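A quick write-up on the structure given underneath.
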Amino acid sequence: AATVYYDKDADLKHLAGKTVGILGYGSQGHAHAQNLRDSGVKVIVGQRPGGANYDLAKKHGFEPVSAADAAKQADVLNILLPDELQAEVFERDIRANLKPGNVLMCSHGFNLHFGLIEPPKGVGLLLVAPKGPGHLVRSEFVAGGGVPCLIATGGDNEDASFNIGMAYAKGIGGTRGGVIRTSFAEETETDLFGEQAVLCGGISELIKAGFNTLVEAGYQPEMAYFECMHEVKLIVDLLYQGGLSYMRYSVSNTAEYGDYRTGPRIVTDETRAEMKRILEDIQSGRFARDWMLENKAGAPSFKATRRRERALPIEQVGKELRRMMSWIEEKEVD
Ligand code: NDP
Ligand code: MG
Ligand code: MG
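With the working numbering applied, the sequence shown corresponds to residues 69 to 402, in that order.
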């Protein structure tokens with residue numbers, strides 16, 4: 069079982085006299101920067117001007133600087149930029165400004181694990197990854213709690229990096245929730261596998277296939293939407309609170325019987341074998357290579373797929389139906 073650390077295992081003194089640079093004031097960046105500052109840590113924000121995130125950082129009382137300046141001033145630098153851009157920004161603005169003894173951080177190991185970023189000798193490597201979105205990292209901290217975090221170390225001086233990482237985790241509230249020690253490989257590979265096979269890829273395809281089956285059989289699309297998309301949230305909320313057992317306790321006995329009887333016809337031996345191949349694609353670096361090549365080419369297939377998926381009938385039906393439910397905080401992209 070995993071080792072879990074709490075407040076008493078962490079000491080903010082390991083960040084005393086150090087400047088923490090937060091690159092990016094997006095989802096994670098805004099939360100880390102503010103929580104650390106509230107914990108008494110000296111924080112400098114690196115955020116390009118001209119957008120909403122720059123304005124937000126100013127509004128929150130930071131004086132955002134360029135990525136290069138943040139890298140120059142920081143002893144501990146967390147890159148909280150989109151994963152596919154980190155390597156480029158690292159080569160352009162960061163590498164030359166790192167000094168021996170500095171600690172380079174991330175909140176997802178994609179670039180360090182797959183060697184897209186190869187830091188100079190003498191630099192410590194550290195991952196502190198909250199297991200939740202940035203707004204929750206901030207709101208939980210303000211409420212006196214904290215989102216659990218993962219911690220991993222690498223590079224030179226791992227013991228020092230670990231102490232700094234625990235102080236960082238404490239500073240953002242993570243040790244109030246619990247901090248699990250992992251490795252760059254484990255964090256990166258499980259994160260990618262989870263989002264591809266289950267959370268994003270798996271669920272999206274399951275919803276679309278269920279919706280299409282009902283619509284093609286002549287049922288009304290509105291009915292198909294409610295059954296296959298809308299109600300997912302009700303089920304997920306139950307899973308979140310009490311796992312499979314509580315979900316099955318809460319639904320009807322008929323639904324529970326149908327779950328046991330039919331679930332194994334949806335996820336079959338073939339699906340499980342494919343999951344192994346998906347994991348192998350991730351472990352071998354093939355997925356990372358393809359995603360980076362896709363970006364090098366200007367992401368044509370990513371953008372085309374996004375466009376087509378946004379135009380699907382289920383998306384149109386959903387937009388109409390969500391307007392009828394006043395309690396839903398509706399969101400629309402583009
Ligand atoms: P966001 O997309 O929310 O924020 C990205 C930041 O990068 C913004 O400040 C943005 O500034 C800046 N940025 C984007 N493009 C450029 C560019 N070309 N040059 C300079 N700056 C740029 O990122 P997240 O917070 O979601 O992700 C950051 C890291 O945290 C990633 O490694 C991610 O995997 C990890 N993570 C994310 C979680 C999440 O729930 N979101 C959970 C755990 C880890 P601008 O506004 O100007 O575009
Ligand atoms: Mg992820
Ligand atoms: Mg039902």
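Ideal Cβ positions, reconstructed from N, Cα and C, are used throughout, including at glycine. All values derive from a computational prediction rather than experimental measurement.
- Unbroken alpha helix (DSSP H) stretches of 4 residues or longer found wholly inside the segment 248 to 280: 252 to 261, given in chain order.
- Look at the beta carbons and you see the segment 146 to 161 touching the segment 91 to 100: at least three pairs across the two are nearer than 8 Å.
- Three or more Cβ pairs closer than 8 Å define a contact, and the segment 71 to 91 falls short of that threshold against the segment 194 to 207.
- The beta-bridge partner set that DSSP reports for G222 consists of L193.
- At least one heavy atom of ligand 2 sits closer than 6 Å to the Cβ of D259.
- In chain order, F279, I382, V385, G386 and L389 place their CB closer than 7 Å to the CB of Y293, counting only its own chain and leaving out the 5 sequence neighbours on each side.
- Exclusion of the five residues before and after V157 leaves L91, A135, I147 and L149 as the residues of its chain whose Cβ lies within less than 8 Å of its Cβ.
- Each residue's CA atom was taken as its position, placing G326 and H298 some 19 Å apart.
- Per DSSP, G311 has no beta-bridge partner at all.
- In this structure, G245 lies near P216, with their beta-carbon atoms less than 7 Å apart.
- The three-state secondary structure of T87, taken from DSSP, is strand.
- Scanning its chain for C-beta atoms nearer than 6 Å, with the 5 sequence neighbours on each side dropped, one finds no residue around R160.
- When DSSP states are grouped into helix, strand and coil, L172 belongs to the strand group.
- Just measuring C-alpha positions, the residue of M343, T256, V191 and V210 sitting nearest I240 is V210.
- Pairing C296 with A277, the inter-Cα distance amounts to about 9 Å.
- For K127, the enclosing alpha helix (DSSP H) covers residues A120 to K127.
- In the three-state reduction of the DSSP assignment, V401 falls in the coil class.
- A distance below 6 Å between beta-carbons, with the five flanking residues on each side excluded, links A125 to the following residues of its chain, in chain order: Y93, V113, Q115 and P132.
- The continuous alpha helix (DSSP H) containing N179 extends over residues F178 to H181.
- A residue is called buried once 16 or more other Cβ atoms fall within 10 Å of its Cβ, and A220 is buried on that count.
- Distances from the CB of E398 to the heavy atoms of ligand 2 are all 6 Å or more.
- Distance from the C-beta of S175 to the nearest heavy atom of ligand 1 is below 6 Å.
- Taking C-alpha positions only, E254 is separated from E362 by approximately 24 Å.
- CA-to-CA, the gap between A70 and T250 works out to about 8 Å.
- In its chain, beyond the 5 residues on either side, R390 and R391 have a beta carbon closer than 8 Å to the beta carbon of E398.
- Non-local beta-carbon contacts of G97 in its own chain, meaning distances under 6 Å to residues more than five positions away in sequence, involve I90 and L148 in chain order.
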